[in-house]
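Engineer:
2 protein chains.
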Amino acid sequence: MFSKTFGYALRAVTFITIHGNDGNKVGLQELSQALEIPHHFLGKIMQDLVRHGVVDSVKGPHGGFYANAKTGKTVLTDILRITDGNLVFSQCALGIKRCNAAHPCPLHDDFALCRDGMLQIMAQKTVSMLAEGVVSGDTFLVR
Amino acid sequence: MFSKTFGYALRAVTFITIHGNDGNKVGLQELSQALEIPHHFLGKIMQDLVRHGVVDSVKGPHGGFYANAKTGKTVLTDILRITDGNLVFSQCALGIKRCNAAHPCPLHDDFALCRDGMLQIMAQKTVSMLAEGVVSGDTFLVR
DNA sequence: AGAAATAAAGAGTGTCAACTCTTTTTGTTG
DNA sequence: CAACAAAAAGAGTTGACACTCTTTATTTCT
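One line per chain: the protein sequences are A and B, in this order.
Per my numbering, the first sequence runs over residues 1 to 143.
Per my numbering, the second sequence runs over residues 1001 to 1143.
(1) Would you kindly work out how many angstroms separate the C-alpha atoms of Arg1098/B and Leu35/A, rounded to a whole number?
(2) Would you identify the three-state DSSP class for Thr1126/B, choosing helix, strand or coil?
(3) Tell me which residues share the same chain as Gly27/A and place their Cβ nearer than 6 Å to its Cβ, disregarding the 5 neighbours each side in the sequence.
(4) In chain B, what lies closer than 7 Å to Met46/A by C-beta?
(5) Using CA atoms only, rank isn't needed, just tell me which of Ala1102/B, Gly1117/B, Val1142/B, Val1055/B is closest to Gly137/A.
(6) According to the neighbour-count rule (16 or more other Cβ atoms, all chains shown, within 10 Å of its Cβ), is Ala67/A buried or exposed?
(7) So is Asp110/A in contact with chain B if we call contact Cβ pairs under 7 Å?
(8) For chain A, check one thing: does any of its Cβ atoms lie closer than 7 Å to the Cβ of His1103/B?
(9) In terms of residues, what are the limits of the alpha helix (DSSP H) holding Asp1013/B?
(10) Apply the 10 Å Cβ neighbour rule to His1108/B and answer buried if 16 or more other Cβ atoms are within range, or exposed otherwise.
(11) Span of the alpha helix (DSSP H) holding Asp1078/B?
(12) Mind checking whether Thr1071/B and Thr1014/B have CB atoms under 7 Å apart?
(13) Can you name the residues of chain A whose CB is closer than 8 Å to the CB of Pro972/B?
(14) Nearest chain A C-beta to Ala1067/B closer than 7 Å, yes or no?
(15) Per DSSP, Phe1065/B is paired with what?
(16) Can you give me the Cβ contacts of His1039/B inside the same chain, cut-off strictly under 6 Å, excluding the 5 residues immediately before and after it?
(17) Using C-beta distances below 7 Å, list every residue in its chain close to Thr77/A, excluding the 5 sequence neighbours before and after it, in chain order.
(18) Near Gly1053/B, which residues of its chain fall below 8 Å by C-beta distance, leaving aside the five closest residues on each side in sequence?
(19) Please list the partners that Gly95/A has in chain B, where partner means a Cβ-to-Cβ separation under 7 Å.
(20) Using beta-carbon positions only, say whether Phe1002/B and Ala93/A come within less than 7 Å of one another.
(21) With distances taken Cα to Cα, identify the nearest neighbour of Glu1132/B among His1019/B, Thr1005/B, Leu1113/B, Tyr1008/B.
(22) Excluding five sequence neighbours on each side, which residues of the same chain lie with their C-beta closer than 6 Å to the C-beta of Leu1010/B?
(23) Let me check understanding here. Comparing Cα to Cα, which of Asp1084/B, Val1055/B, Cys1105/B lies closest to Gly1007/B?
(24) DSSP three-state label for His103/A, please.
(25) Chain A beta carbons: is any one of them nearer than 7 Å to that of Ile1016/B?
(26) I'd like the span of the alpha helix (DSSP H) that includes Met1046/B, first residue to last.
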């Protein structure tokens, strides 16, 4: 459904929301170790997130990533759009090109309902909501 | 979400249910042209479906694929299992390995609800139900 | 029996996501 | 300012999926 990149990005941003605020920064090293994500691959993803302003970063010794004003308010579909592009939002379950409500494939209605439901939930959930769940011990970012 | 192979397989089986019964057979040529699916690739997929008994085939002149007693009763998850394996049924949205109800990722509950809903629908829908929709002109297999 | 048609089988190719490694740039700190 | 630490950038590798091409096996028809 979603790419691995999306999972990595979401987990990383959530981790930074928890541990990278009030002047604290999270290094790439620490981030990749804590979340068990390949170091260099995560670097590229973080680059992209910084470029889009989802998180901020500073270079140099004691540098790293940290949450900005936008970070906590970012909704999951924002991140999905960055990592997976816009295609996820419209593709047909059977891969038929001109599949739409007026010219539906046999699965169109059921699939659209399911997919749009998921996207709607993800459009309402913010990163800080996820962070809350993790802090309270209800949900987990690793393993 | 699902592989192209799944879409190809489902469309092919539905087409055969409509056009390959009562002694009629559908050749690979005809099938791939009607559904606009790459010829040789579809051949491999059909092989697999025949091996699993979803459809039958005969070689030689005027050979081709045709529906058997099982074909119409096949449910969509049967085909999904053949083309995409069992992983689809259990994977985590964020790619976390030991993600489950007792140790959930932040999206687990929402995603499981959505995914299981879709799979449940697909476990109840048979190929002949799809064929009905196509025959009545409500849904389409091409383009 | 021989030719032709057709599915089956298998090897080969392209592309992309996922991952690794190396180099460069930027900023900090002593 | 020199050394160093960390992110940024970019080239390289791998594996899986999607697709193509060629060869073989099987059946039918003349």
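Where a beta carbon is used, it is the ideal one built from N, C-alpha and C, also for glycine.
Please read all numbers here as calculations on a predicted model, not as lab measurements.
Structural biologist: Working from what's here:
(1) As a first step, residue 1098/B is located in the second sequence; it is residue number 98 there, counting from the start. As a first step, residue 35/A is located in the first sequence; it is residue number 35 there, counting from the start. Distance from the CA of Arg1098/B to the CA of Leu35/A, rounded to the nearest whole angstrom, comes to 13 Å.
(2) Position 126 of the second sequence holds residue 1126/B. Reduced to three states, the DSSP call for Thr1126/B is strand.
(3) The count along the first sequence starts at 1 and reaches residue 27/A at position 27. Cβ within range, chain order: Gly64.
(4) Counted from its first residue, the first sequence places residue 46/A at position 46. Chain-order list of chain B residues neighbouring Met46/A: empty, with the shortest C-beta distance near 16 Å, by a criterion of under 7 Å.
(5) By 1-based counting over the first sequence, the position of residue 137/A is 137. The shortest C-alpha separation from Gly137/A is found at Ala1102/B.
(6) Counted from its first residue, the first sequence places residue 67/A at position 67. Ala67/A is buried by the Cβ-count criterion.
(7) Numbered from 1 along the first sequence, position 110 holds the residue referred to as residue 110/A. For Asp110/A, the answer is yes, since a Cβ of chain B falls inside 7 Å of its Cβ.
(8) Locating residue 1103/B in the second sequence gives position 103, counting from the first residue. Taking 7 Å as the CB threshold, His1103/B lines the interface with chain A.
(9) Position 13 of the second sequence holds residue 1013/B. As written in the sequence, residue 1013/B is Val, which differs from the Asp given in the question. Its alpha helix (DSSP H) spans residues 1004-1019.
(10) Taking the first residue of the second sequence as 1, we reach residue 1108/B at position 108. Result: buried.
(11) Working through the second sequence from its first residue, we reach residue 1078/B at position 78. Here the alpha helix (DSSP H) through Asp1078/B covers 1076-1084.
(12) Numbered from 1 along the second sequence, position 71 holds the residue referred to as residue 1071/B. Numbered from 1 along the second sequence, position 14 holds the residue referred to as residue 1014/B. No.
(13) Chain B is shown from 1001 up to 1143; residue 972/B falls before or after that span and cannot be answered.
(14) Working through the second sequence from its first residue, we reach residue 1067/B at position 67. The C-beta of Ala1067/B comes no closer than 7 Å to any C-beta of chain A.
(15) To locate residue 1065/B, count along the second sequence from 1; it is residue 65. DSSP lists Val1026/B, Ser1057/B as partners of Phe1065/B.
(16) By one-based count along the second sequence, residue 1039/B stands at place 39. Excluding sequence neighbours, His1039/B sits near Ser1032.
(17) Within the first sequence, numbered from 1, the residue matching residue 77/A stands at position 77. Within the same chain, Thr77/A has close Cβ partners Leu119, Met122, Ala123.
(18) Numbered from 1 along the second sequence, position 53 holds the residue referred to as residue 1053/B. Hits under 8 Å: Asn1068, Lys1070.
(19) Position 95 of the first sequence, counted from the first residue, corresponds to residue 95/A. By Cβ distance, chain B contributes Lys1004, Gly1007.
(20) For this step, residue 1002/B is matched to residue 2 along the second sequence. For this step, residue 93/A is matched to residue 93 along the first sequence. The answer is yes: Cβ separation under 7 Å.
(21) By 1-based counting over the second sequence, the position of residue 1132/B is 132. The shortest C-alpha separation from Glu1132/B is found at His1019/B.
(22) Numbered from 1 along the second sequence, position 10 holds the residue referred to as residue 1010/B. Cβ neighbours of Leu1010/B within its own chain (closer than 6 Å, five residues either side excluded): Ile1079.
(23) The residue labelled residue 1007/B in the question sits at position 7 within the second sequence. Among Asp1084/B, Val1055/B, Cys1105/B, the Cα nearest to that of Gly1007/B belongs to Asp1084/B.
(24) Here the question's residue 103/A lines up with position 103 in the first sequence. Three-state result, His103/A: strand.
(25) Your numbering for residue 1016/B matches position 16 in the second sequence. So, not an interface residue.
(26) For the purposes of this step, residue 1046/B is identified with residue 46 of the second sequence, where counting begins at 1. 1039-1051 is the extent of the alpha helix (DSSP H) around Met1046/B.
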